[in-house]
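Asks: This is the structure I want to talk about, given as C-alpha cells.
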Amino acid sequence: MKVFKNPNSDFHVLLWTNLRERSSLPVAVLCERTSKLFGIKFLSFLLLQINLPWPLYETQTSFMDQIRKKDMTAYPFLFSPLQVGGHQMKNRLIALPVHTGFAYPDGTVSSWLIDFYTRLADSGVAMVVVANTAVSADGVVSKFNLRIDKDKFIPGLSKLAKAIQNKGAIACLQLNHAGRFAKTSRPLLPSAVTSENLSFNVESLKDFMEFFPFEKRFSLTRYLLGQFNKWRQAMTCEDRARVIEDFGLSAARAYEAGFDMVELHGANGYLLCQYLSCFTNKIDSGFGGDFQERTTFPLAVIQSVKKNVPKNFPVGYRLIIREWVPQGIDLPEALAFAQVLEKNKIAYLSASAGTYNSIFSPAVLKSIAKTAYLKKDMAKLTAGVGIPTITSGRITTPLMADKLVKEGIADLIGLGRPLRTDPLWVAKAVDKNRKIIHCVNCNWCLKQVVLEQGFACSRWPEELRDRTRLEHQLMTRNYKPLWVICDIEDIYTFKKSLPLLIRAKKKNFFPTVLMLRQALQGRDVDQAQNKFIEWMKDVVDLNCSGDGTVNFVVKEHTGNLEKLVYDEICMGDYGQVFISSNSNEAWRDRLLYKQQGKVLARLCANIRQHKVIVPVDLSPATLLVMIFLRKTLMREKNFHISFVNVLTGKSSPVERQWEKMKKITKFKENIPLEFIRPENNMATNMTTNVILALVETIITRKYGTVIMGKRGLSGIKRWLLGSVSSGVLHRLTDQTLFLID
1 MKVFKNPNSD FHVLLWTNLR ERSSLPVAVL CERTSKLFGI KFLSFLLLQI
51 NLPWPLYETQ TSFMDQIRKK DMTAYPFLFS PLQVGGHQMK NRLIALPVHT
101 GFAYPDGTVS SWLIDFYTRL ADSGVAMVVV ANTAVSADGV VSKFNLRIDK
151 DKFIPGLSKL AKAIQNKGAI ACLQLNHAGR FAKTSRPLLP SAVTSENLSF
201 NVESLKDFME FFPFEKRFSL TRYLLGQFNK WRQAMTCEDR ARVIEDFGLS
251 AARAYEAGFD MVELHGANGY LLCQYLSCFT NKIDSGFGGD FQERTTFPLA
301 VIQSVKKNVP KNFPVGYRLI IREWVPQGID LPEALAFAQV LEKNKIAYLS
351 ASAGTYNSIF SPAVLKSIAK TAYLKKDMAK LTAGVGIPTI TSGRITTPLM
401 ADKLVKEGIA DLIGLGRPLR TDPLWVAKAV DKNRKIIHCV NCNWCLKQVV
451 LEQGFACSRW PEELRDRTRL EHQLMTRNYK PLWVICDIED IYTFKKSLPL
501 LIRAKKKNFF PTVLMLRQAL QGRDVDQAQN KFIEWMKDVV DLNCSGDGTV
551 NFVVKEHTGN LEKLVYDEIC MGDYGQVFIS SNSNEAWRDR LLYKQQGKVL
601 ARLCANIRQH KVIVPVDLSP ATLLVMIFLR KTLMREKNFH ISFVNVLTGK
651 SSPVERQWEK MKKITKFKEN IPLEFIRPEN NMATNMTTNV ILALVETIIT
701 RKYGTVIMGK RGLSGIKRWL LGSVSSGVLH RLTDQTLFLI D
C-alpha cells in the first residue's frame with residue numbers, strides 16, 4: 001500500500017476538494033476508495049475533513065463503520081451531497097414545483113403559502129422550488145397565482161425565501177408566463193391557432209372533461225371554448241419584447257427578495273415551451289421555423305434574465321422532453337435543446353413530460369401511471385449534458401430514488417406529489433421502520449387546482465384537508481378592504497368603528513375608501529369629507545407599517561347607489577366590504593346578501609364594540625368564521641369574544657363537534673361554547689325561534705358586535721327556508737354585524 005508522507009499538504013487538500021465536488025459517490029464509499037489508494041496516513045486527513053477524531057479508530061474497518069453511521073442512511077447515493085450552481089446540496093432530493101393556488105388574488109404571498117412551503121423545506125430536501133410565479137399580469141394560470149411582475153411583491157416573496165432557508169433548504173423561485181393557457185382576456189401565443197390544432201385541442205378537451213365531475217363540466221367547457229376563441233391572434237413584436245424584459249426584471253426581483261436561484265418554466269405547454277414546439281409555433285421565420293429559430297425566444301429570455309442578475313446567480317430550466325401532441329417536442333429535439341441550454345450556462349435541467357393537451361388522454365395516462373416512467377429518457381439526457389439533471393415521474397420509494405442516482409440516470413431526484421402526499425418522506429427514508437404514505441396517482445390534487453380550490457391531497461388527514469379548504473376560501477375574504485362612505489353620518493360611524501377596522505400596528509393595511517358625492521354638495525359636506533381624508537392619513541401613519549397609502553376614490557352620483565357600490569366591489573375584487581347602517585336606505589342591507597365569498601360588515605356607532613358575540617351553528621360556515629377570527633380580532637387583547645349556540649337538541653353531539661372544529665382551526669382547547677335554549681312556543685318556526693333567542697341574548701347582554709357565518713343562500717332560498725343571519729340583521733338595534741360568507 002502506497003503511503004504519503006504528508007497527507008495534509010496543499011496537494012491533498014486540493015485533491016480531496018475536487019473529489020468531493022466532482023464525485024457522485026457518498027462520503028463512505030469515497031473515503032474507502034481513496035484511503036485504499038493513498039494509504040493509511042491519508043485516513044487522518046480524511047477524518048479532519050469530515051470532523052471525526054482519529055484516535056477513536058484503530059482499524060480501517062472501524063473507520064468505515066463510523067463513516068457509514070455519519071451518513072445516517074441506508075441509501076448512500078440518495079443522501080450524498082452535490083454542487084449545483086455554486087450551492088452545496090446536502091442530499092439529492094428536490095421539492096419539485098407543483099402549483100398550489102395559495103397566493104392571494106392580487107398575486108401576493110399568503111400566510112398559508114408560507115406555511116405550505118415551510119413544511120416542504122422542513123421535510124429534509126436539499127432545495128425547494130416555489131412553483132409558477134408569473135412574470136407578467138397576463139401570464140397567470142390561476143386566480144390565485146403568485147406574481148413577481150411588480151416591486152410590491154418583493155416583501156412577501158422575501159418572507160417566503162427566508163422561511164425556506166431557515167429550515168435548511170435552498171430556495172429557488174420558478175418564473176413562468178402561461179402564454180395561451182393564461183387566465184386573461186387576451187392570452188399570448190407565438191402564432192394564431194390553426195384549424196388542425198384547434199381540432200386537436202377540441203378533441204383533447206373531451207378527455208379533459210371526463211376527468212371532472214359531471215356538474216363541473218359545463219362551466220369548464222364554456223371557459224375553455226372561450227379561450228380557444230381567443231387563440232386566433234398571435235403575439236406582436238411588442239408583446240415579445242415586453243415579455244422578454246418581464247422575465248429579466250422578475251429575476252432581478254427574485255434575487256432582491258433573497259432567493260438562492262431561479263428556474264425558468266419551459267414545460268407544461270406554457271409560453272417558453274410553446275415557442276420551442278412546432279405544435280404551437282407556426283411562425284415562418286425569425287422566432288419560428290427550423291429548430292434553431294424556435295429556440296430564439298427562450299434563449300432571449302435566458303439572456304434577459306442573466307443580464308439582470310449577478311454573474312454567479314444560478315438559473316435552472318424546467319425542460320419538457322416529450323410533449324405527446326402532433327408535431328410536438330420529442331426526445332431528440334429536447335436533447336438538442338438541452339445541449340444548447342448547457343452552452344448558455346444553465347445551472348441544471350429539471351425534466352418534465354406532457355402538457356394539458358396530452359396528459360388526460362388514455363394512452364398517456366397509462367404511460368405516466370408507471371413508476372419512474374421517465375427513466376430511459378433521463379438516462380439519455382444525463383449522458384448528453386455535463387450539468388446536473390433532475391428526474392421525476394412517480395418516483396415513489398427511497399430505494400428506487402437511490403438506484404436512479406447510483407446508476408447515473410439523474411443527478412438529483414425531484415419529488416412532486418409524493419412529497420406533498422407525505423411531507424415525512426425524507427425522514428421515513430432514513431428510518432426504515434416508518435411507512436411512507438404513497439401517492440396513489442388519483443389526480444384529485446390536480447382537480448382541486450383546476451377548479452380553483454387550492455392544492456390538497458386525498459390521502460391527507462381529514463383535519464388538514466378541511467383546514468386547507470378553509471384557508472383557501474379566506475384568500476378572497478380578508479386581504480383587500482373597501483370602506484363605503486355616502487354621507488356625514490357615515491364618516492362619524494367609521495371613526496367610531498376604528499378598532500374593528502384597523503388592528504394595532506398592522507403591516508401593509510391600506511384600505512380603499514369609496515366616497516360617494518351627490519351632484520350638488522354643500523360646503524359642510526365638502527369640509528367634512530376633507531377633514532376625514534386628513535384624519536384617515538394620520539390614523540394609517542400611526543397604526544400601520546409598510547409602504548403604501550390609503551386609496552381614496554371619490555365619485556359623483558345622482559341615481560342608483562346600490563348598483564354603483566356593487567359594481568365598484570366587483571371591479572375592485574375587494575375581499576372585505578364595510579358599509580354604515582342606515583334604516584332609511586334599505587339597499588345597504590340588501591348589498592350584504594348580493595355579494596358572495598367575502599367578509600361584509602354593517603357598521604353601527606356604539607361604545608360596546610369590543611364586546612363580541614359569535615353565534616355558531618357548527619356548519620362549514622362556522623369553520624370559516626373561526627379561521628377569520630383567529631387571524632383578526634382574536635389577536636387583539638382588548639376584545640372579549642363569546643361563542644354561543646342555540647341548542648335545539650342534545651348538547652353532547654354539539655360539544656363533540658365543537659371540539660373537532662377547534663382542532664381543525666387551531667383554536668385553544670379552553671375556549672368554551674355557551675348554549676342558549678330558546679323558550680318554548682316562542683314561534684311556530686324553528687328558524688324564527690333561533691333568531692329570537694339570539695337577538696334577545698345580544699340585546700340583554702349588551703353586545704356591541706355580532707359576527708356570523710352566511711351560507712350564501714340566494715334570495716328565493718332565503719325567502720323559502722329562512723336565514724338566521726338575515727333575521728338577526730333586521731332585528732338588531734345599534735350593533736355592528738359582520739357576515740362571513
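At position 270 of the sequence shown the residue is numbered 270 (UniProt numbering), and the sequence of numbers has no breaks.
Just so you know, even glycine gets a beta-carbon here, dropped at the ideal spot from N, CA and C.
Expressed to the nearest angstrom, what Euclidean distance is found between the alpha-carbon atoms of residue 199 and residue 176?
Replies: C-alpha separation (whole angstroms): 27 Å.
Asks: At the level of alpha carbons, what is the spacing between residue 293 and residue 153?
Replies: Cα to Cα, residue 293 sits roughly 34 Å from residue 153.
Asks: Starting from residue 739, follow its DSSP beta bridges and name the residues at the other end.
Replies: DSSP lists 600 and 708 as partners of residue 739.
Asks: Once you ignore the five residues that flank residue 221 on each side, which residues in its own chain have a CB closer than 8 Å to its CB?
Replies: Once the five neighbours on either side are set aside, the close Cβ partners of residue 221 are 205 and 209.
Asks: Kindly provide the ranges of any beta strand (DSSP E) runs that are 3 or more residues long and lie completely inside the segment 322 to 400, ordered along the chain.
Replies: Segments of the beta strand (DSSP E) lying fully in the segment 322 to 400: 349 to 353 and 389 to 391.
Asks: Rounded to the nearest angstrom, what separates residue 438 and residue 351 at their Cα positions?
Replies: Going by the C-alpha atoms only, they are around 22 Å apart.
Asks: Which stretch, first to last residue, makes up the alpha helix (DSSP H) that contains residue 448?
Replies: Counting along the chain, the alpha helix (DSSP H) containing residue 448 begins and ends at 444 to 450.
Asks: Spell out the partners DSSP gives residue 580 in its beta bridges.
Replies: Partner(s): 603.
Asks: Taking 6 Å as the limit between beta carbons, can you name the residues of its chain near residue 197, skipping five residues before and five after?
Replies: The answer is none, since no qualifying residue turns up.
Asks: Kindly indicate which residue of 227, 645 and 472 has the alpha-carbon position closest to the one of residue 455.
Replies: Considering only alpha carbons, the answer is 472.
Asks: Mind checking whether residue 767 and residue 708 have CB atoms under 7 Å apart?
Replies: Absent from the model: residue 767. The displayed extent of the chain is 1 to 741, so no value can be given.
Asks: Could you give the distance in angstroms between the alpha-carbon of residue 571 and the alpha-carbon of residue 81?
Replies: Between residue 571 and residue 81, the C-alpha separation is close to 51 Å.
Asks: How long is the line joining the alpha carbons of residue 252 and residue 322, rounded to whole angstroms?
Replies: For residue 252 and residue 322, the distance between alpha carbons rounds to 31 Å.
Asks: Does residue 728 come out as helix, strand or coil in the three-state DSSP assignment?
Replies: Helix at residue 728.
Asks: Relative to the alpha-carbon of residue 596, which residue among 656, 740, 242 and 729 has its alpha-carbon at the smallest distance?
Replies: Ranking the options by Cα distance to residue 596, first place goes to 740.
Asks: Once you ignore the five residues that flank residue 561 on each side, which residues in its own chain have a CB closer than 7 Å to its CB?
Replies: If we look at residue 561 and ignore the five residues flanking it on each side, its Cβ neighbours are 486, 516 and 587.
Asks: What's the call for residue 112, buried or exposed, on a 16-neighbour Cβ count within 10 Å?
Replies: Residue 112 is buried by the Cβ-count criterion.
Asks: With a cut-off of 8 Å on the beta carbons, I'd call residue 148 and residue 160 a contact; round off their distance for me.
Replies: In fact, because the Cβ distance is near 11 Å, the residues do not count as touching under 8 Å.
Asks: Check for me: the beta strand (DSSP E) holding residue 642 runs from which residue to which?
Replies: Looking at the DSSP string, the run of the beta strand (DSSP E) that includes residue 642 is 640 to 646.
Asks: Hey, would you say residue 110 sits closer than 7 Å to residue 102, going by beta carbons?
Replies: Yes. Within cutoff.
Asks: Can you tell me whether DSSP reads residue 61 as helix, strand or coil?
Replies: For residue 61, the pLDDT reaches just 43, beneath the cut-off of 50, and the residue's location in the model is therefore unreliable, leaving the point undetermined.
Asks: Check residue 208 in the structure and name its three-state DSSP category.
Replies: Note: residue 208 maps to helix in three-state DSSP.
Asks: Mapping the DSSP letters down to three states, classify residue 483 as helix, strand or coil.
Replies: Note: residue 483 maps to strand in three-state DSSP.
Asks: Contact defined as beta carbons within less than 8 Å: I believe residue 276 pairs with residue 235. What is the distance between those atoms, to the nearest angstrom?
Replies: Actually they are not in contact, since the Cβ atoms of residue 276 and residue 235 sit about 15 Å apart, beyond 8 Å.
Asks: Check whether the segment 280 to 290 touches the segment 335 to 347, taking contact to mean three or more Cβ pairs, one atom from each stretch, closer than 8 Å.
Replies: Result no; under three Cβ-Cβ pairs closer than 8 Å.
Asks: Where does residue 203 sit, in a helix, a strand or coil, going by DSSP?
Replies: Here residue 203 sits in helix by DSSP.
Asks: By how many angstroms is the C-alpha of residue 614 removed from the C-alpha of residue 532?
Replies: Using only the alpha carbons, I get a separation of about 31 Å.
Asks: For residue 575, collect the residues of the same chain with a Cβ closer than 7 Å to its Cβ; drop the 5 residues on either side in sequence, then sort them by chain order.
Replies: Here the set comprises 476, 477, 478, 479, 480, 598 and 599.
Asks: By the three-class DSSP mapping on this structure, what secondary structure does residue 125 have?
Replies: The answer is coil: DSSP assigns residue 125 none of H, G, I, E or B.
Asks: Taking the continuous beta strand (DSSP E) assigned at residue 512, which residues delimit it?
Replies: That run of the beta strand (DSSP E) goes 512 to 518.
Asks: Starting from residue 94, follow the beta strand (DSSP E) in both directions and report where the run begins and ends.
Replies: Start and end: 93 to 95.
Asks: Do you know offhand how far residue 396's Cα is from residue 550's?
Replies: Roughly 50 Å separates the two Cα atoms.
Asks: Helix, strand or coil for residue 271? Go by DSSP, reduced to three states.
Replies: If DSSP states are grouped into helix, strand and coil, residue 271 belongs with the helices.
Asks: Do we get a CB-CB distance below 7 Å when we pair residue 185 with the residues of chain D?
Replies: No chain D is present in this structure, which holds just one protein chain.
Asks: Can you tell me whether residue 630 is helix, strand or coil according to DSSP?
Replies: Correct three-state label for residue 630: helix.
Asks: In the structure shown, what three-state DSSP assignment does residue 751 receive?
Replies: Nothing can be reported for residue 751: it is not among the residues displayed for the chain, which extend from 1 to 741.
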